[in-house]
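There are 2 protein chains.
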Amino acid sequence: MTAPAGFRAASTTAGIKPSGAADMALVVNDGPEFTAAAVFTRNRIVAAPVKLTRRHADGTLRAVVVNAGNANACTGPGGDADALATAQATAEELGCATEDVAVCSTGLIGDRLPMDRVLTGVRALPAALDTTPEAAHGAARAIMTTDLVAKEAVHRADGWTVGAMGKGVGMMAPSLATMLVVVTTDAVVEAGEVDAALRAATASTFDCLDVDGCTSTNDTVLVMASGASGVRPGPEALAEAVRAVCADLAAQMQADAEGVTKRVSVTVTGARDDDEARTAARVIARDNLVKCAMFGSDPNWGRVLAAVGMAPVGLDPDHVSVSFNGHPVCVDSTGAPGARDVDLSGPDIAVTVDLGVGGTAPGGTPGTATVRTTDLSHAYVEINSAYST
Amino acid sequence: MTAPAGFRAASTTAGIKPSGAADMALVVNDGPEFTAAAVFTRNRIVAAPVKLTRRHADGTLRAVVVNAGNANACTGPGGDADALATAQATAEELGCATEDVAVCSTGLIGDRLPMDRVLTGVRALPAALDTTPEAAHGAARAIMTTDLVAKEAVHRADGWTVGAMGKGVGMMAPSLATMLVVVTTDAVVEAGEVDAALRAATASTFDCLDVDGCTSTNDTVLVMASGASGVRPGPEALAEAVRAVCADLAAQMQADAEGVTKRVSVTVTGARDDDEARTAARVIARDNLVKCAMFGSDPNWGRVLAAVGMAPVGLDPDHVSVSFNGHPVCVDSTGAPGARDVDLSGPDIAVTVDLGVGGTAPGGTPGTATVRTTDLSHAYVEINSAYST
Chain S
1 MTAPAGFRAA
11 STTAGIKPSG
21 AADMALVVND
31 GPEFTAAAVF
41 TRNRIVAAPV
51 KLTRRHADGT
61 LRAVVVNAGN
71 ANACTGPGGD
81 ADALATAQAT
91 AEELGCATED
101 VAVCSTGLIG
111 DRLPMDRVLT
121 GVRALPAALD
131 TTPEAAHGAA
141 RAIMTTDLVA
151 KEAVHRADGW
161 TVGAMGKGVG
171 MMAPSLATML
181 VVVTTDAVVE
191 AGEVDAALRA
201 ATASTFDCLD
211 VDGCTSTNDT
221 VLVMASGASG
231 VRPGPEALAE
241 AVRAVCADLA
251 AQMQADAEGV
261 TKRVSVTVTG
271 ARDDDEARTA
281 ARVIARDNLV
291 KCAMFGSDPN
301 WGRVLAAVGM
311 APVGLDPDHV
321 SVSFNGHPVC
331 VDSTGAPGAR
341 DVDLSGPDIA
351 VTVDLGVGGT
361 APGGTPGTAT
371 VRTTDLSHAY
381 VEINSAYST
Chain G
1001 MTAPAGFRAA
1011 STTAGIKPSG
1021 AADMALVVND
1031 GPEFTAAAVF
1041 TRNRIVAAPV
1051 KLTRRHADGT
1061 LRAVVVNAGN
1071 ANACTGPGGD
1081 ADALATAQAT
1091 AEELGCATED
1101 VAVCSTGLIG
1111 DRLPMDRVLT
1121 GVRALPAALD
1131 TTPEAAHGAA
1141 RAIMTTDLVA
1151 KEAVHRADGW
1161 TVGAMGKGVG
1171 MMAPSLATML
1181 VVVTTDAVVE
1191 AGEVDAALRA
1201 ATASTFDCLD
1211 VDGCTSTNDT
1221 VLVMASGASG
1231 VRPGPEALAE
1241 AVRAVCADLA
1251 AQMQADAEGV
1261 TKRVSVTVTG
1271 ARDDDEARTA
1281 ARVIARDNLV
1291 KCAMFGSDPN
1301 WGRVLAAVGM
1311 APVGLDPDHV
1321 SVSFNGHPVC
1331 VDSTGAPGAR
1341 DVDLSGPDIA
1351 VTVDLGVGGT
1361 APGGTPGTAT
1371 VRTTDLSHAY
1381 VEINSAYST
């Protein structure tokens, strides 16, 4: 995240996480430009920092301050005031406008932030700001909740760079997957360009990661551009670079998902269009019985058919086909020889489902999409049955 | 199921279940009337017996033959022929038309039925037919899959009776919950009356039970009326009696759900109408993070808000309220004092959620609905990760 020129990062231990681990991070854009864009959760129950950052990320940002351990969600007007006070204190420390500070929070929903600790953290962060990889890594560690590893990515282009950090392992679903992500670049970009690049990148990466079908109140993906490289990439190069770091982080999130023992990709082909393919892939990727079968390395393809049969998309009930790791297990909605013997014992499982109606929509071309998910394991239940208490 | 006059039941061990337990059942209506109605899964991937029984349950049925251990789903034209051969052999044994025999199957999806064993079972069943409670209980046991207990219900009215058996513990969701149910009555009824009574009963009972959001390929609820009591109840009395046995079976299914350690009811109030209340309740009842919290007796109400915030219904994001077992834990989308201390250690948890928009739909009255579900436990994962193999 500090690989692009013009960015510094810092972390501190404010005492929000009961574990005593670092729990606050600050990322500052030192310019010369301060272009920014952001996308947010589609949940209608949104956390106070999301409401604030929606207003502040209006094309320009100087800094983002993040806390983990408390989501500041469902905290009422007091929570809104806490988010604003966090932005104000950060702006005061940095000597910028409050409106140029984004705030992100992640953690337990429903408790008020311990503001004395948060404000002490805000005051400690600026002195720790640095451009080193260690400073960036410290920030990536500080924003973790049930994440087991810090998540960072970098993409080096011709004279300019994109960096990113992210967190997210559970409550991950359609709108972004539950996560906080900060992307930085030293490219010279217009706000509209970087906004378009970010939206395209999230659509094909975070939006296609679905760990548990649950969507958080705090999802935020921010991008900040400093222009410090002096290089103005074309829109396609920019889009590809942003997509690359988002795809990298999404893969790290899938690999670190709560309780994961299998990385599962669900690819749907032969749909009426890409949107319907994505919808069908998501329905399968969220199905608890499919996910339990994956945990058990069980090639129980009937559950895939039962799941897709409820998806609100076009399909031919007599001509759905399924393969696991490239082995056909169901052809034309009927079991294939050897289907029960397919080996799914490895950590990666590729499920491919053809709906049998490719390109039959008016003017449509055969639709395809891939959604990444994980298995449903004992560990997922364990982690999520003892979270708040 | 044999409590109403005019019905006999039988069971046998055909060798379909690997366990060697009884796996076929037959219920025969001896008349004098043979009125029938049925409702089926809404899944578009439907098993061969469902396709057959949809045609045969056209107002009249003489018998239903059921096998457990193999769903005869996703078995292609050969599976259709197997279902028809089962009905033909049963009709031949009973001396009735093939079109008056319903067939139900439940178990693993995707394997062809062992027809030699099925037909041997069909030939053994008629000799075992009896009106005793033991014969009915044997049939209820024979249709079990991962059910731990047999499920039967009876409702005695003034001179007439309704009986029922059912199975279903997993792959339970919106359209009926995954189940096979046979309801019998000796009332004198018209086909249209009993069809209306059945549809109303399933809407408020099985349709409001959601164990895991998964919908099976084989769901079938059949009702057969013999008229043997000579009593013609009014439509309201009939509807109430059918609803009573369906509600009784639904409660038994919830209590025996796969891996259940908590019986959870989710009641939504203050919705724009009843349909929206039901949709919201279902979204909450299916949320894996909510269900894991229930398993952990964790009053983590923030997950309820995060879940309902994604429901496609009207709600006021600032005025959602939640209570657990009658204790307010969230008022106007903000935590209530003592919310983290609510005791959820008992086996029954009542979640009540008010959406804050009661009766605001044009011409609407405040909507309310209850959906019953269970927690997501280690045992659910265990049972469903090692099913086919």
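Chains as they are written, first to last, in the working numbering: chain S, 1 to 389; chain G, 1001 to 1389. Positions of the beta carbon are idealized from the N, C-alpha and C atoms, including for glycine.
Beta-carbon proximity list for residue i, same chain, < 7 Å, skipping 5 on both sides
| i | result |
| --- | --- |
| S/Cys-292 | Leu-376 |
| G/Thr-1389 | Residue placement at G/Thr-1389 cannot be trusted, given a pLDDT of 46 that sits under 50; what the coordinates show is reported in the next sentence. No residues qualify anywhere along the chain. |
| G/Glu-1276 | Val-1313, Gly-1314, Gly-1367 |
| G/Thr-1120 | Ala-1014 |
| S/Pro-299 | Phe-324, Val-329, Ala-339, Arg-340, Val-342, Leu-344 |
| G/His-1137 | Ala-1150, Glu-1152 |
Proximal residues to residue i (C-beta, below 8 Å), its chain only, five neighbours per side dropped
| i | result |
| --- | --- |
| S/Met-224 | Phe-7, Val-27, Asn-29, Phe-34, Thr-35, Ala-36, Leu-61, Val-64, Val-182, Val-183, Thr-184, Thr-185 |
| G/Ala-1239 | Ala-1196, Ala-1197, Ala-1200, Ala-1201 |
| G/Ala-1177 | Note on G/Ala-1177: pLDDT 41, under 50, position unreliable in the model; no value is reported. |
| G/Asp-1274 | Gly-1367, Thr-1368, Ala-1369 |
| S/Ala-135 | Thr-2, Arg-8, Ala-9, Ala-10, Ser-11, Ala-128, Leu-129 |
| G/Asp-1100 | Phe-1034, His-1056, Thr-1060, Leu-1061, Arg-1062, Ala-1063, Ala-1091 |
| S/Pro-18 | Gly-69 |
| G/Gly-1020 | Thr-1013 |
| G/Gly-1076 | none |
Contacts that residue i makes with chain G (C-beta to C-beta distance below 8 Å)
| i | result |
| --- | --- |
| S/Glu-317 | Just to set this straight, residue 317 of chain S is Pro in the shown sequence, not Glu. Going along chain G in sequence order, the residues near S/Pro-317 (Cβ under 8 Å) are Arg-1044, Ile-1045, Val-1046. |
| S/Leu-84 | Residues of chain G passing the Cβ test: none, with the nearest at roughly 17 Å. |
Cutoff 6 Å; reference residue i; Cβ partners in own chain excluding five residues on either side
| i | result |
| --- | --- |
| G/Pro-1032 | Gly-1227 |
| S/Leu-113 | Asn-70, Asn-72, Asp-82 |
| S/Thr-352 | Thr-267, Ser-323 |
| G/Arg-1303 | Leu-1289, Val-1290, Ala-1293 |
| S/Gly-107 | Ala-68, Gly-69, Asn-70, Ala-71, Thr-145 |
| S/Met-115 | Asp-82 |
Cβ pair residue i, residue j closer than 8 Å
| i | j | result |
| --- | --- | --- |
| G/Leu-1180 | G/Cys-1104 | yes |
| G/Val-1320 | G/Asp-1354 | yes |
| S/Ala-251 | S/Ala-157 | no |
| G/Asp-1080 | G/Ala-1102 | no |
| S/Thr-269 | S/Thr-334 | no |
| G/Ser-1385 | S/Gly-296 | yes |
| S/Ala-281 | S/Thr-370 | yes |
| G/Leu-1094 | G/Pro-1126 | yes |
| G/Pro-1317 | S/Ile-45 | yes |
| S/Ser-11 | S/Ala-142 | yes |
| S/Ala-25 | S/Val-66 | yes |
| S/Ala-271 | S/Gly-358 | yes |
| S/Gly-163 | S/Val-149 | no |
| G/Ala-1255 | G/Arg-1263 | yes |
| S/His-378 | G/Val-1381 | yes |
Residue i: contacting residues in chain S (beta-carbon distance under 7 Å)
| i | result |
| --- | --- |
| G/His-1327 | Residues of chain S passing the Cβ test: none, with the nearest at roughly 14 Å. |
| G/Ala-1073 | Gly-302 |
| G/Met-963 | Given a span of 1001 to 1389 for chain G in the structure shown, any question on residue 963 of chain G remains unanswerable. |
| G/Gly-1356 | Chain S residues near G/Gly-1356: none, gap ~12 Å exceeds 7 Å. |
Cβ-Cβ separation, residue j to residue i (assumed contact under 8 Å), whole Å
| i | j | result |
| --- | --- | --- |
| S/Val-308 | S/His-327 | Rounded, the Cβ-Cβ distance is 18 Å, inconsistent with contact. |
| G/Ser-1265 | G/Arg-1372 | 5 Å |
| S/Trp-160 | S/Val-231 | 4 Å |
| S/Val-260 | S/Thr-374 | 4 Å |
| S/Ala-350 | G/Gly-1110 | Not a contact, Cβ separation roughly 19 Å. |
| S/Ala-306 | G/Thr-1217 | 5 Å |
| G/Ala-1139 | G/Met-1165 | 6 Å |
| G/Thr-1086 | S/Met-310 | About 26 Å separates the two Cβ atoms, so there is no contact after all. |
| S/Val-122 | S/Ala-89 | 4 Å |
Per-residue contacts from residue i into chain G (C-beta, under 9 Å)
| i | result |
| --- | --- |
| S/Phe-324 | By Cβ distance, chain G contributes nothing, its closest Cβ being about 12 Å from S/Phe-324, past 9 Å. |
| S/Gly-110 | Asn-1300, Trp-1301, Gly-1302, Leu-1305, Val-1329, Cys-1330, Thr-1334, Gly-1335, Ala-1339, Arg-1340 |
| S/Gly-390 | The structure shown does not extend to residue 390 of chain S, since chain S is modelled only from 1 through 389, so no value can be given for it. |
Contact set between residue i and chain G, taken where Cβ atoms lie within less than 7 Å
| i | result |
| --- | --- |
| S/Val-381 | Cys-1292, Phe-1295, Leu-1376, Ser-1377, His-1378, Val-1381 |
Beta-carbon neighbours of residue i, restricted to chain S and to distances below 9 Å
| i | result |
| --- | --- |
| G/Gly-1346 | Going along chain S, no residue has its Cβ under 9 Å from G/Gly-1346, so there is no contact; the nearest lies around 16 Å. |
- Return the chain-ordered ranges of every beta strand (DSSP E) run that is complete within the region 121-201 of chain S and spans a minimum of 3 residues. 151-156, 161-167, 180-185
- Message: My parser needs the beta strand (DSSP E) runs of 3 or more residues fully inside the region 319-344 of chain S; what are they?
- Response: 321-324, 327-331
- In chain order, each beta strand (DSSP E) run of at least 3 residues that lies wholly inside the region 1250-1324 of chain G: For the region 1250-1324 of chain G, the continuous beta strand (DSSP E) assignments of 3+ residues that do not extend past its boundaries occur at 1263-1271, 1321-1324, in sequence order.
- Query: Mind pulling the beta strand (DSSP E) runs of 3 or more residues that sit fully within the region 1058-1121 of chain G?
  - Reply: 1063-1070, 1101-1108
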